[in-house]
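Below: one structure, written as structure tokens.
There are 2 protein chains.
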Amino acid sequence: MSQKERAIILLSGGLDSLVTLAIAKSYQLDCHALTFDYGQRHIAEIQSAKRIATAFDIKHDIVTLPTHLFKNSSLTDQNLKVPTHQTNIPHDNQIPNTYVPGRNMLFLTHAVSLAESIGARFVFIGATAVDYSNYPDCRPEFYEAFNQTISQGTKAGVQGTPMTAIRVHTPLLYLSKQMIIAHGHKLGVDFSLSVSCYQATAEGLACGQCESCLWRKKGFSESGVVDTTRYG
Amino acid sequence: MSQKERAIILLSGGLDSLVTLAIAKSYQLDCHALTFDYGQRHIAEIQSAKRIATAFDIKHDIVTLPTHLFKNSSLTDQNLKVPTHQTNIPHDNQIPNTYVPGRNMLFLTHAVSLAESIGARFVFIGATAVDYSNYPDCRPEFYEAFNQTISQGTKAGVQGTPMTAIRVHTPLLYLSKQMIIAHGHKLGVDFSLSVSCYQATAEGLACGQCESCLWRKKGFSESGVVDTTRYG
Chain A
1 MSQKERAIIL LSGGLDSLVT LAIAKSYQLD CHALTFDYGQ RHIAEIQSAK
51 RIATAFDIKH DIVTLPTHLF KNSSLTDQNL KVPTHQTNIP HDNQIPNTYV
101 PGRNMLFLTH AVSLAESIGA RFVFIGATAV DYSNYPDCRP EFYEAFNQTI
151 SQGTKAGVQG TPMTAIRVHT PLLYLSKQMI IAHGHKLGVD FSLSVSCYQA
201 TAEGLACGQC ESCLWRKKGF SESGVVDTTR YG
Chain B
1 MSQKERAIIL LSGGLDSLVT LAIAKSYQLD CHALTFDYGQ RHIAEIQSAK
51 RIATAFDIKH DIVTLPTHLF KNSSLTDQNL KVPTHQTNIP HDNQIPNTYV
101 PGRNMLFLTH AVSLAESIGA RFVFIGATAV DYSNYPDCRP EFYEAFNQTI
151 SQGTKAGVQG TPMTAIRVHT PLLYLSKQMI IAHGHKLGVD FSLSVSCYQA
201 TAEGLACGQC ESCLWRKKGF SESGVVDTTR YG
């Protein structure tokens, strides 16, 4: 077997990042996971990311970000209430208060720096534009622009070809939760490793009521895959 | 289980299109395959496409193109010799004589028309830029431009959002043959259904000598997946 190429995977500990890691692993990439501690309420996600990295037997770094940058989001600010239910998210133009300003761009910039330093041309993020389409940093246009930026702003981008330059890959971008779960199931993913809940307990038990729990439940139901989520 | 969304899959009968179909199916998409008869020498590919469509139990149309458009390619012109070996393809700037002028654009245009007429937002093609990087219509830039074109040139593109508009998906674009085979294996693909050889027999037996056979052999060897290709 030939030498494996390297990849950086943004691993939040949620279902989408778990499936994204499974995709990268199925390409036989040598994966290096990155998780960020940005003062998110759902610290259970970080525990979940650790469990996932251990299960996949991959390198895993946890980077702490300056939390004072992330205010005005219900995911980081205890004074804001996490919505328990939101309907028609893809149909109106409101950005949910669970949006964390500039988050994905900061995550990706760290990942690209690491990629360039260890010689990886793949950076994976499990962003999806379908279910949560009002997050500005989950839109296809954001990733196209970001890839343009790194092709201009890295040595590998300026000197390389499209096949050697670093690129952010978003394999879930156009997929519904149903499709993501079905694909992950086919790849043999153990979904119980992941936590999606915005207010999970320290032990990783999900509330079953928040926006994120409801999307996850709906995805399992529609895909016909057994829901192994651990509810509190 | 919810209603399945529709997808058009360009199915040549080769290994890459087989894996691409398996990916689309794993998303639980309702797949409709399109194969083109463009006077290619390796007519065994069309038989292989039929076998694959039957195995996956999906709709399958074979479209005959005006073959006089495709001269100057060793794949369609009996007067040109198919190369038996080509080294360093990704490193020089020569376009192999197996390139068929404008082929993928013509295939995709048919697929987009069908997609718009049956209400599919996904069009899949198994193009890969890594091993055959000198085919102009296998480069990322081509697909980015084509997607821009259909977003401007279709009703769904002009009226829709990025999540409802028709888009060409190239899940293999940045993957090596090794990665494609490993991913397909994980999805349960039966590789013996496909024919990659540029001069396969009518029964679908591969020569084992041509450029395409050598890339395929190398991919199996590097991935560690058992090569079930039928050689003559």
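First to last, the sequence lines map onto chains A and B. Under our numbering, think of the first position of the first sequence as 1, with each following residue one higher. Under our numbering, think of the first position of the second sequence as 1, with each following residue one higher. Don't be surprised by glycine CBs; every beta carbon is placed ideally from N, CA and C.
**Report entry** Lys177/A versus Asp227/A, Leu108/A, Ser151/A, Lys25/A, residue with shortest Cα-Cα distance
**Finding:** As a working mapping, residue 177/A is identified with position 177 in the first sequence. Taking each of Asp227/A, Leu108/A, Ser151/A, Lys25/A in turn and checking the Cα distance to Lys177/A, the smallest one comes out for Asp227/A.
Quiz prompt | Partner residues on chain D for Tyr174/A, Cβ-Cβ distance less than 9 Å | solution = The structure shown contains no chain D; its protein chains are A and B.
key: Within 8 Å, strictly: CB atoms of Asp61/A and Leu34/A   = The residue labelled residue 61/A in the question sits at position 61 within the first sequence. The residue labelled residue 34/A in the question sits at position 34 within the first sequence. In contact: Asp61/A and Leu34/A (Cβ atoms closer than 8 Å).
Check: In chain A, which residues lie with their C-beta within 7 Å of the C-beta of Arg139/B?
Finding: Position 139 of the second sequence, counting from 1, holds the residue named residue 139/B. Under the 7 Å cutoff, chain A gives Pro162.
Taking 8 Å as the cut-off, decide whether the C-beta atoms of Ile166/A and Ala115/A are in contact.
Numbered from its first residue, the first sequence carries residue 166/A at position 166. Numbered from its first residue, the first sequence carries residue 115/A at position 115. It is a contact, given that the beta carbons lie within the stated cut-off.
> Is any beta-carbon of chain A found at less than 8 Å from that of Ala182/B?
Replying inline: Start at 1 with the first residue of the second sequence, and residue 182/B comes out as number 182. Chain A, which has a Cβ nearer than 8 Å to the Cβ of Ala182/B, makes this yes.
Endpoints, beta strand (DSSP E) assigned at Ile181/A
Indexing the first sequence from 1 puts residue 181/A at position 181. From DSSP, Ile181/A is part of no beta strand (DSSP E) but of the alpha helix (DSSP H) over 177-186.
Practice task
Please specify which runs of the beta strand (DSSP E), each continuous and at least 3 residues long, are wholly inside the stretch 143-220 of chain A, giving them in chain order.
Solution key: The stretch 143-220 of chain A contains these whole beta strand (DSSP E) runs: 167-169.
message: Is Asp61/B near the ligand GDP - that is, is its Cβ less than 7 Å away from at least one heavy atom of it?
response: Absent from the structure shown: the ligand GDP. Ligands present: none.
Contacts around Gly188/A, its chain only, beta-carbon distance under 8 Å, and the 5 residues preceding and following it disregarded
Numbered from its first residue, the first sequence carries residue 188/A at position 188. Within the same chain, Gly188/A has close Cβ partners Ala22.
Below 9 Å on C-beta distance, what does Met105/B contact in chain A?
As a working note, residue 105/B is residue 105 in the second sequence. Those do not exist, as Met105/B stays about 18 Å from chain A at its closest Cβ, beyond 9 Å.
*C-alpha distance - Gly39/A paired with Glu144/B, whole-angstrom precision*: To locate residue 39/A, count along the first sequence from 1; it is residue 39. To locate residue 144/B, count along the second sequence from 1; it is residue 144. Distance between the alpha carbons of Gly39/A and Glu144/B: 37 Å.
Chain A beta carbons: is any one of them nearer than 8 Å to that of Gln40/B? Mapped onto the second sequence, residue 40/B falls at position 40. Taking Cβ atoms only, chain A never reaches closer than 8 Å to Gln40/B, which makes this a no.
Against chain A, does Leu108/B count as a neighbour if the rule is that its beta carbon must be under 8 Å from one of theirs?
Locating residue 108/B in the second sequence gives position 108, counting from the first residue. False, the Cβ-Cβ gap to chain A never drops below 8 Å.
query: Between which two residues does the beta strand (DSSP E) containing Asp37/A stretch?
result: To locate residue 37/A, count along the first sequence from 1; it is residue 37. First-last of the beta strand (DSSP E) with Asp37/A: 30-37.
Would Gly204/A pass as a contact of Val19/A if the rule is Cβ separation under 8 Å? Locating residue 204/A in the first sequence gives position 204, counting from the first residue. Locating residue 19/A in the first sequence gives position 19, counting from the first residue. No, these two residues do not count as a Cβ contact at 8 Å.
Notebook entry, point to check: Comparing the C-beta of Leu18/B with each C-beta of chain A, is any distance below 8 Å?
Noted result: Counting from one through the second sequence, the residue named residue 18/B turns up at place 18. Answer no: the Cβ-Cβ gap between Leu18/B and chain A never drops below 8 Å.
Among all the DSSP beta bridges, which residues are the ones paired with Arg6/A? Numbered from 1 along the first sequence, position 6 holds the residue referred to as residue 6/A. Answer is Asp30/A, bridged to Arg6/A.
Spatial neighbours of Val195/B in its chain, beta-carbon cut-off 6 Å, leaving aside the 5 residues before and after: Within the second sequence, residue 195/B is the residue found at index 195, counting from 1. Excluding sequence neighbours, Val195/B sits near Gly13, Ala44, Glu45, Ser48, Gly204.
Quiz item: Is any beta-carbon of chain A found at less than 8 Å from that of Leu187/B?
Solution: As a first step, residue 187/B is located in the second sequence; it is residue number 187 there, counting from the start. It does; some Cβ of chain A falls within 8 Å.
Practice problem: Tell me where the beta strand (DSSP E) around Ile52/B begins and ends. | Solution: Working through the second sequence from its first residue, we reach residue 52/B at position 52. No beta strand (DSSP E) holds Ile52/B; the alpha helix (DSSP H) holding it covers 44-56.
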